[in-house]
Amino acid sequence: MDEHYHSVNGAVQESRHVFIEAGLHKLSKKELTVFEIGFGTGLNAFLTLLDAENSGCRIHYYAVELYPLDRQLIKALNYATVICREKQEQFAALHEAAWNETVRITDHFALHKIQGDSNTCELPEGIDLVYFDAFAPDKQPEMWNQEIFDKLYAQMSEGGILTTYCAKGVVRRMMQKAGYSVERIPGPPGKREMLRAMK
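Here the sequence shown is numbered in our numbering, starting from 1 and rising by one per residue.
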């Protein structure tokens with residue numbers, strides 16, 4: 001697709017800013033259902049797992065991915081070494097977990113990876129937090145449509161949050177049409193703004 005998996009300004013700080021700080025840390029429940037669009041490198045899942053271990057929050061993490069990374073690329077990723085060397089086993093477990101079934105990774109984190117298309121897959125019920133981390137709308141326009149935002153809104157719990165690095169007006173309007181209250185907030189380094197939507 002001729003697209004970076006993460007910001008050239010820093011993958012880890014972007015993920016922490018967009019999904020952990022602007023999303024996860026805005027919810028006070030002690031048990032959460034998280035749904036990620038675009039499992040990709042597993043970075044968002046890994047940071048969420050680490051946060052859950054620290055906070056004691058219990059996370060049911062669902063992620064949909066149509067194009068799983070191949071094993072060689074996964075082996076080349078050094079996120080665990082860079083972020084938290086003592087949790088390398090858990091990072092590996094995220095990628096080794098079977099698809100389309102729930103796998104407990106730690107006492108606080110269960111993962112359910114869905115191999116499929118976010119437009120057609122069955123969504124979990126009672127979603128508290130959505131990480132909308134698809135490739136950019138101009139690279140993957142089929143991922144950014146009214147139907148997906150409508151579907152997500154219908155499956156989310158009251159007060160649920162959706163965050164994305166994208167700040168395009170057309171995306172914001174689709175979210176608003178679905179029923180979300182949407183705000184533009186400061187983006188991660190290298191990006192002026194991002195979107196946070198709330199049900």
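Note that the Cβ used here is the ideal one computed from N, Cα and C, for glycine as well. All values derive from a computational prediction rather than experimental measurement.
If you check the CB distance, valine 18 and proline 188 come in under 8 Å.
Excluding the 5 residues flanking it on each side, glycine 116 has same chain C-beta neighbours closer than 7 Å at Val64, Leu66, in chain order. Closest in C-alpha terms to aspartate 70, from the list Glu86, Ser55, His112, Thr41, comes Thr41. For a cut-off of 8 Å, the C-beta gap from tyrosine 62 to proline 124 is around 5 Å, short enough to register as a contact. According to the DSSP assignment, histidine 112 belongs to the beta strand (DSSP E) that extends over 109 to 115. Minimum Cα-Cα distance from alanine 98 among the listed residues Glu122, Pro68, Gly126, Gln140 corresponds to Pro68. Taking 8 Å as the cut-off, the beta carbon of leucine 47 is found closer than this to the beta carbon of arginine 16. DSSP places aspartate 138 outside both helix and strand once states are collapsed to three, so it counts as coil. Leucine 73 is classed as exposed because its beta carbon has fewer than 16 other beta carbons within 10 Å across all chains shown.
In the structure shown, the three-state DSSP call for threonine 106 is strand. Our two residues, cysteine 166 and glutamate 193, have alpha carbons roughly 8 Å apart in a direct line. When DSSP states are grouped into helix, strand and coil, leucine 77 belongs to the coil group. Per DSSP, the beta bridge partners of histidine 60 are Thr33, Ala110. In the three-state scheme derived from DSSP, where H, G and I count as helix and E and B as strand, arginine 196 is classed as strand. Contact check for isoleucine 37 against alanine 134 passes: the beta carbons are separated by less than 8 Å.
Between glutamate 158 and lysine 199, the C-beta spacing is below 8 Å.
Selection Ala45, Gln155, Cys57 evaluated against lysine 26 yields Cys57 as nearest (Cα-Cα). In this structure, threonine 81 sits away from phenylalanine 132, with a CB-CB distance that is not shorter than 8 Å.
Looking at the DSSP output, methionine 143 shares a beta bridge with no other residue. Looking at the DSSP output, proline 186 sits in a beta bridge with Glu193.
At the C-beta level, glycine 23 and leucine 152 stay beyond 8 Å of one another.
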